[in-house]
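Residue numbers (the numbering used here), protein chains in the order written: chain A, 1 to 78; chain B, 79 to 675. In this text, a Cβ means the ideal position worked out from N, Cα and C, and glycines have one as well.
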Ligand SMILES: Cc1cc2nc3c(=O)[nH]c(=O)nc-3n(C[C@H](O)[C@H](O)[C@H](O)COP(=O)(O)OP(=O)(O)OC[C@H]3O[C@@H](n4cnc5c(N)ncnc54)[C@H](O)[C@@H]3O)c2cc1C
């Protein structure tokens with residue numbers, strides 16, 4: 001079963017403005033082009049704590065899950 | 079249309095610090111409690127709080143609640159109610175130690191006590207010198223607090239409705255509150271949550287401003303719902319601008335940075351706060367620092383090619399201190415300002431941060447409105463706590479770290495009051511009016527049926543720009559008057575918003591349109607209340623109310639020592655007295671004085 005994209009979009013609403021700013025850019029630029037598999041990876045990543053996602057995005061923490069690396073890469077792109 | 083009904087002893091809207099603290103009180107007392115939240119509880123905005131929570135534990139320097147109370151009253155520019163302030167400062171140690179017992183990982187001193195750091199506006203011995211009063215868990219205080227409270231709620235069997243958005247407050251013909259309508263995002267269905275007690279803990283509305291430290295979720299839903307249901311909003315002209323938002327992005331640099339020794343500098347490198355606040359300098363109260371920065375910028379001493387910001391300098395701190403005590407700050411500076419603060423100062427500007435006003439409550443967390451000659455008559459079945467509420471402890475200006483304290487104290491207190499009212503049999507499950515869901519259903523039908531309407535994004539942007547320009551750090555009569563008219567026009571446009579995607583499930587565009595309805599109420603309240611208040615006080619500073627001997631700092635106690643109440647219907651204002659009398663005889667009223675640091 002494919003994941004509802006609206007749900008994933010809503011879950012990109014985070015508790016930190018830092019992430020809202022990063023995700024706004026990502027939703028406008030990349031989100032609609034993601035494959036179902038990529039959306040599934042993103043959905044999994046979004047279950048992490050905000051500070052962990054933020055740390056992976058700003059590079060202070062290495063992303064240890066291979067499946068998420070592509071998404072982190074897109075989120076990091078300025 | 080058939081609307082599903084669910085029945086509870088209590089329904090809490092919001093699962094941030096205030097909602098979770100209130101829920102815990104209810105669930106542990108055995109009440110059947112539902113907590114509704116737009117996002118997963120530990121993704122509530124409380125997570126963003128970095129600086130700490132105030133309590134006069136006296137672990138790092140001598141301290142007591144009298145000093146804390148004095149600082150809070152003075153910080154509020156005497157608009158705070160002294161009964162509620164006494165209550166909060168006295169309860170601080172209890173609620174912080176409780177949190178420690180729930181497993182909150184506070185920073186420790188060498189001898190194992192909770193480590194405390196200094197924070198703006200907090201002083202020892204009635205304003206003499208900075209005190210160390212802020213309890214923190216590194217720079218993740220809010221995050222740690224929310225996790226501790228959430229775990230505890232899971233243990234207490236609190237029932238969470240995650241990704242449910244409350245739409246409207248349900249009141250009956252007597253004005254009593256009977257619950258809320260809410261939409262489940264996954265299905266798009268509307269349900270009624272029928273309860274003996276309804277607690278609002280929906281957080282602030284900082285997204286009404288263009289430049290804001292608040293995440294996108296802070297859309298003031300509870301405040302908007304209350305206003306639409308006829309509850310007046312208190313002191314909405316008072317918004318705190320945090321001195322140090324990253325220029326251009328809004329992202330907050332915590333005051334803890336100045337607590338650890340950070341210094342604000344203008345274009346010539348001068349530590350300008352020495353001129354504005356000789357005692358507390360960079361650690362003066364937020365409004366004082368924000369105004370000083372704005373004055374520096376307005377008078378041409380700003381930095382950068384456009385001279386539109388000042389600099390926050392921590393290059394003199396050891397990289398070790400920065401990495402250990404302020405790690406997150408370094409990453410924010412690198413990402414959003416493109417500078418490494420170990421090597422270069424961070425560009426900062428005053429940025430909208432905190433809503434001092436809100437739904438009027440007393441220190442027990444009961445929502446109170448004027449009725450039959452009593453300015454503070456409780457609304458049966460309705461309670462509120464946290465940033466959406468106005469107790470009023472922050473008055474015209476909040477001190478940093480007093481908000482997390484407010485969540486704990488008044489979340490708990492609202493919970494205790496509900497439990498008391500429940501156990502005494504005072505709370506009843508009144509029958510629902512037949513039209514209980516009609517307002518919500520009509521709003522949704524309007525939105526779905528709208529053609530040739532307005533874009534939610536465009537109207538939202540116009541609102542944010544209007545607020546920023548017409549009701550910012552410094553306020554001008556002509557701009558405010560124009561602002562009242564403009565925000566009225568924006569509100570009219572908001573009645574005609576249209577969404578192109580009409581799918582029922584997970585429709586983010588629909589959520590955002592519904593949120594805008596709430597933001598608009600808050601924006602109108604702010605502009606109208608600000609235009610009417612002809613003095614300067616705390617965060618509300620008018621250029622035509624300057625500092626004179628009769629009116630120190632432009633504050634006019636003879637005419638304006640009163641709380642504003644704004645009613646959505648008719649855009650009408652009313653006022654009520656400030657409570658200058660503490661709760662007990664343990665302390666004398668803090669007498670009116672000029673606010674200097
Ligand atoms: C960047 C930043 C740093 C801060 N640092 C500090 C600090 O160091 N110390 C301090 O004391 N204060 C600090 N503050 C202020 C403090 O964090 C907030 O005032 C406080 O966290 C608000 O908590 P709350 O429980 O009232 O609301 P929130 O934590 O915002 O929670 C609101 C809840 O309501 C829910 N909700 C909202 N609308 C609806 C709806 N319609 N339906 C269902 N659910 C809904 C949300 O999902 C959420 O669960 C900071 C604020 C910011 C922005």
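Locate the beta strand (DSSP E) running through residue 114 of chain B, then write down its first and last residues.
In the second chain, the residue the question calls residue 114 of chain B occupies position 36. Residue 114 of chain B: member of the beta strand (DSSP E) spanning 111-115, first to last residue.
Would you say residue 123 of chain B reaches chain A, if we count a Cβ-Cβ gap shorter than 8 Å as a contact?
Counted from its first residue, the second chain places residue 123 of chain B at position 45. So yes, residue 123 of chain B belongs to the interface.
Mind listing which residues of the stretch 196-230 of chain B have their C-beta closer than 9 Å to chain A's C-betas, in chain order?
Cβ contacts with chain A come from 218, 220, 221, 224 and 225.
Interface residues of chain A facing residue 327 of chain B [CB-CB closer than 7 Å]:
Counting from one through the second chain, the residue named residue 327 of chain B turns up at place 249. Residues of chain A passing the Cβ test: 21.
Burial state of residue 105 of chain B (16 or more Cβ within 10 Å):
Numbered from 1 along the second chain, position 27 holds the residue referred to as residue 105 of chain B. By the 16-neighbour rule on beta-carbons within 10 angstroms, residue 105 of chain B is buried.
Between residue 43 of chain A and chain B, is there a C-beta pair that is closer than 8 Å?
Walking along the first chain from the start, residue 43 of chain A turns up at place 43. Residue-level contact check: residue 43 of chain A does not touch chain B, since none of the beta carbons of chain B fall below 8 Å from its beta carbon.
Any heavy atom of ligand 1 closer than 7 Å to the CB of residue 299 of chain B?
Counting from one through the second chain, the residue named residue 299 of chain B turns up at place 221. Checking the Cβ of residue 299 of chain B against ligand 1 gives yes.
Does the structure place the stretch 206-216 of chain B close enough to the stretch 179-198 of chain B that three or more beta carbon pairs sit under 8 Å?
Note that the stretch 179-198 of chain B touches the stretch 206-216 of chain B; at least 3 beta-carbon pairs, one per stretch, sit closer than 8 Å.
Can the beta-carbon of residue 600 of chain B be found less than 8 Å from the beta-carbon of residue 314 of chain B?
The residue given as residue 600 of chain B occupies position 522 in the second chain. The residue given as residue 314 of chain B occupies position 236 in the second chain. Taking 8 Å as the cut-off, the Cβ atoms of residue 600 of chain B and residue 314 of chain B count as close.
Taking only heavy atoms of ligand 1 into account, decide whether any of them is closer than 7 Å to the Cβ of residue 242 of chain B.
Locating residue 242 of chain B in the second chain gives position 164, where the first residue counts as 1. Yes, Cβ of residue 242 of chain B sits closer than 7 Å to a heavy atom of ligand 1.
One or two residues paired with residue 553 of chain B in a DSSP bridge
What you label residue 553 of chain B is simply residue 475 of the second chain in a count that begins at 1. Beta-bridge partners of residue 553 of chain B (DSSP): B/620.
Run through DSSP, which three-state label would residue 654 of chain B get?
On the second chain, residue 654 of chain B is found 576 positions in, with the first residue counted as 1. Secondary structure of residue 654 of chain B (DSSP, three-state): strand.
Go to residue 272 of chain B, then tell me how far its beta strand (DSSP E) extends in each direction, as first and last residue.
Stepping through the second chain from its first residue, residue 272 of chain B is reached at position 194. Going by DSSP, residue 272 of chain B is part of the beta strand (DSSP E) stretching over 268-278.
So, with DSSP's three-state summary, where would you put residue 491 of chain B?
Reading the second chain from its first residue, position 413 is the one you call residue 491 of chain B. Of the three classes helix, strand and coil, the one that applies to residue 491 of chain B here is helix, per DSSP.
Would you list, in chain order, the members of the stretch 280-304 of chain B that have their beta-carbon closer than 9 Å to a beta-carbon of chain A?
The stretch 280-304 of chain B vs chain A, Cβ under 9 Å: 290, 291, 292, 293, 294 and 295.
Would residue 309 of chain B count as contacting chain A if we go by Cβ distances under 8 Å?
To locate residue 309 of chain B, count along the second chain from 1; it is residue 231. Judged by the 8 Å Cβ criterion, residue 309 of chain B is not in contact with chain A.
Kindly identify the DSSP beta-bridge partner or partners of residue 182 of chain B.
Your numbering for residue 182 of chain B matches position 104 in the second chain. Partner(s): none; residue 182 of chain B has no beta bridge.
Using only CA atoms, which one of B/479, B/288 and B/308 lies nearest to residue 644 of chain B?
In the second chain, counting from the first residue as 1, residue 644 of chain B sits at position 566. Checked all of B/479, B/288 and B/308; the closest Cα to residue 644 of chain B is B/308.
Using a Cβ cut-off of 7 Å, pull out every chain A residue sitting near residue 593 of chain B, in sequence order please.
For the purposes of this step, residue 593 of chain B is identified with residue 515 of the second chain, where counting begins at 1. Result: empty, since nearest Cβ-Cβ is about 11 Å, beyond 7 Å.
Could you please tell me which residues of the stretch 115-139 of chain B, in chain order, have their CB closer than 9 Å to any CB of chain A?
For the stretch 115-139 of chain B, the beta-carbon criterion of a distance under 9 Å to any beta-carbon of chain A is satisfied by 116, 117, 118, 120, 121, 122, 123, 124, 125 and 126.
Check each residue of the stretch 577-611 of chain B: if its Cβ is closer than 8 Å to any Cβ of chain A, include it; give the result in chain order.
Taken in chain order, the members of the stretch 577-611 of chain B whose beta-carbon sits within less than 8 Å of a beta-carbon on chain A are 581, 583, 584, 585, 586 and 589.
Classify residue 167 of chain B as helix, strand or coil using the three-state DSSP reduction.
As a working note, residue 167 of chain B is residue 89 in the second chain. Three-state DSSP puts residue 167 of chain B in a helix.
Applying the 10 Å Cβ sphere with the 16-neighbour rule, what's the burial state of residue 673 of chain B?
In the second chain, counting from the first residue as 1, residue 673 of chain B sits at position 595. Label assigned to residue 673 of chain B: buried.
Quick check on the burial criterion: 16 or more other C-beta atoms within 10 angstroms. Buried or exposed for residue 177 of chain B?
Locating residue 177 of chain B in the second chain gives position 99, where the first residue counts as 1. Residue 177 of chain B is buried by the Cβ-count criterion.
Just to confirm the assignment, what range does the alpha helix (DSSP H) spanning residue 206 of chain B have?
The residue labelled residue 206 of chain B in the question sits at position 128 within the second chain. Where residue 206 of chain B is concerned, there is no enclosing alpha helix (DSSP H), because DSSP gives it neither an H nor an E.
Strictly below 9 Å CB to CB, what residues from chain B border residue 73 of chain A?
As a working note, residue 73 of chain A is residue 73 in the first chain. Per Cβ cutoff of 9 Å: no residues; residue 73 of chain A is ~15 Å from chain B at best.
Supposed close pair residue 470 of chain B, residue 641 of chain B - CB separation, criterion 8 Å
Within the second chain, residue 470 of chain B is the residue found at index 392, counting from 1. Within the second chain, residue 641 of chain B is the residue found at index 563, counting from 1. With a Cβ gap of about 7 Å, residue 470 of chain B and residue 641 of chain B count as contacting.
Can you name the start and end residues of the alpha helix (DSSP H) that residue 456 of chain B belongs to?
On the second chain, position 378 is the one that residue 456 of chain B refers to. Boundaries around residue 456 of chain B are those of the beta strand (DSSP E), 452-462, since no alpha helix (DSSP H) includes it.
Contained alpha helix (DSSP H) runs [length at least 4] in the stretch 309-333 of chain B, N- to C-terminal order:
Listed in chain order, there is nothing to give.
From residue 41 of chain A to residue 3 of chain A, what does the alpha carbon distance come to, in whole angstroms?
One-based indexing of the first chain puts residue 41 of chain A at position 41. One-based indexing of the first chain puts residue 3 of chain A at position 3. So the alpha carbons of these two residues sit roughly 11 Å apart.
Tell me whether residue 280 of chain B counts as near ligand 1, meaning its Cβ is closer than 7 Å to at least one heavy atom of that ligand.
Counting from 1 along the second chain, the entry for residue 280 of chain B is found at position 202. In terms of side-chain proximity, the C-beta atom of residue 280 of chain B is found nearer than 7 Å to a non-hydrogen atom of ligand 1.
Return the CA-CA distance between residue 565 of chain B and residue 544 of chain B, expressed in angstroms with no decimal places.
Translated into positions along the second chain, residue 565 of chain B becomes position 487. Translated into positions along the second chain, residue 544 of chain B becomes position 466. Cα to Cα, the separation comes out at about 7 Å.
Any heavy atom of ligand 1 closer than 7 Å to the CB of residue 119 of chain B?
Start at 1 with the first residue of the second chain, and residue 119 of chain B comes out as number 41. Result yes, Cβ under 7 Å from ligand 1.
Flag residue 617 of chain B as yes when its Cβ comes closer than 7 Å to any non-hydrogen atom of ligand 1, and as no otherwise.
Position 539 of the second chain holds residue 617 of chain B. Within 7 Å of the C-beta of residue 617 of chain B there is not a single heavy atom belonging to ligand 1.
Straight-line gap, residue 540 of chain B to residue 235 of chain B (C-alpha atoms, nearest Å)
As a position in the second chain, residue 540 of chain B is number 462, starting the count at 1. As a position in the second chain, residue 235 of chain B is number 157, starting the count at 1. When rounded, the distance between both Cα atoms is 43 Å.
Mind pulling the chain B residues with CB within less than 8 Å of residue 60 of chain A?
Here residue 60 of chain A corresponds to residue number 60 of the first chain, with the count starting at 1. Close to residue 60 of chain A, with beta-carbon spacing below 8 Å, are these residues of chain B in chain order: 405 and 409.
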